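In UniProt numbering, the protein residues as written are 1 to 206.
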Amino acid sequence: MRRKVRRDDLLGTYVPGRSLLHRCPLALKAVLLLGLCITVMLIRDWQFSLAVLALTALASVVSGLRLHRWAASLRPLLFLVLLLGGYHLIFNGPARAASIVLSLLAVVSLSRLLISTTPLPRLIDGLVWLCTPLSWCGVNTERIGLAVSLMIRSVPWLFGCLGELRDAATARTIRANPVRLVTPATIATVHYAHQTGEALAARGLD
1 MRRKVRRDDL LGTYVPGRSL LHRCPLALKA VLLLGLCITV MLIRDWQFSL
51 AVLALTALAS VVSGLRLHRW AASLRPLLFL VLLLGGYHLI FNGPARAASI
101 VLSLLAVVSL SRLLISTTPL PRLIDGLVWL CTPLSWCGVN TERIGLAVSL
151 MIRSVPWLFG CLGELRDAAT ARTIRANPVR LVTPATIATV HYAHQTGEAL
201 AARGLD
């Protein structure tokens with residue numbers, strides 16, 4: 001159960017629903033959310049970023065994603081937010097620090113809103129369609145979609161694996177030193193990669 005929560009917190013997962021965002025065409029939804037992300041990054045005003053962040057929270061609630069889930073999805077950014085906020089607070093002042101932190105949270109929240117209201121296969125299909133021009137140069141766009149799909153599934157697995165190793169070390173009253181986790185994490189990752197490769201080979205993919 002813990003591992004599933006970590007996956008959700010890391011990248012976000014699709015939450016079924018019948019809201020307007022769920023039923024909105026992927027192209028329109030992606031353009032709107034990407035447009036907002038670009039606008040946030042260009043304006044870099046803490047008040048505007050705060051308004052967009054509040055808007056994503058409201059959209060999450062309206063879409064049935066629940067406010068606590070929205071807040072939990074931003075929790076993995078806490079260390080980065082503290083680091084960036086502290087640096088800019090010291091060297092550039094509170095207004096700049098608030099602008100950087102809120103812009104980051106707004107952009108991440110917008111991207112998670114897209115992931116939470118769109119099934120992964122639709123996202124991959126949209127990416128493959130977007131890469132269609134590359135097929136004119138001989139690029140296999142289906143392989144691009146497969147690679148992205150594997151990355152999306154593998155990264156949360158890796159973080160879940162690290163979490164389980166840390167929990168196992170804690171349960172044995174061993175201090176969870178990150179250096180000590182490198183070897184078992186590497187072995188588990190290589191094993192996972194071999195299993196993935198064998199599964200792809202069994203389906204005729206190399």
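Glycine is no exception: its CB is placed at the ideal position from the N, C-alpha and C atoms.
Note that the coordinates shown come from a computational prediction; the quantities given were computed from them, not determined experimentally.
How should residue i be labelled, buried or exposed, when 16 other C-beta atoms within 10 angstroms of its C-beta is the threshold for buried?
i, result
"Val81", "buried"
"Arg2", "Residue placement at Arg2 cannot be trusted, given a pLDDT of 40 that sits under 50; the coordinates are not used to answer."
"Asp9", "Legend: pLDDT at Asp9 = 48, less than 50; position of this residue unreliable, no value from coordinates given."
"residue 215", "Because the chain is modelled from 1 through 206, residue 215 falls outside the range shown and cannot be assessed."
"Val62", "exposed"
"Ala27", "exposed"
"Thr183", "exposed"
"Ile90", "exposed"
"Cys37", "buried"
Which residue wins for smallest C-alpha separation from residue i, given the options the options?
i, options, result
"Arg112", "Gly93, Pro76 and Leu84", "Pro76"
"Ser19", "Leu50, Gly35 and Arg66", "Arg66"
"Leu84", "Leu105, Trp70 and Ser73", "Leu105"
"Trp157", "Thr132, Arg23, Ser135 and Thr186", "Thr186"
"Tyr192", "Ala171, Cys161, Arg166 and Ala169", "Cys161"
"Pro16", "Arg44, Leu32 and Thr117", "Thr117"
"Ser60", "Trp70, Gln47 and Ser135", "Trp70"
"Leu58", "Ala188, Ser109, Val148 and Pro94", "Ser109"
"Asp125", "Ala188, Ala98 and Ser149", "Ser149"
"Met151", "Thr196, Trp46 and Val101", "Thr196"
"Leu55", "Gly163, Leu102 and Tyr14", "Leu102"
Quick one: grab the DSSP three-state call for residue i.
i, result
"Arg75", "helix"
"Pro25", "coil"
"Met1", "At Met1 the pLDDT is 38, less than 50, meaning the model places this residue with poor confidence and gives no usable figure here."
"Thr170", "helix"
"Thr189", "helix"
"Leu65", "coil"
"Ser19", "coil"
"Thr13", "coil"
Confirm the yes/no value for this check: CB of residue i, any heavy atom of the ligand NAD, distance under 6 Å.
i, result
"Arg172", "What this structure holds is no ligand at all, so the ligand NAD is not there to describe."
Would a check of beta-carbon distances place residue i closer than 7 Å to chain B?
i, result
"Leu110", "Annotation note: the requested chain B is absent from the structure, which comprises a single protein chain."
Which runs of the alpha helix (DSSP H) at least 4 residues long sit entirely within the stretch 84–157? Give them in chain order. 94–116 and 120–130
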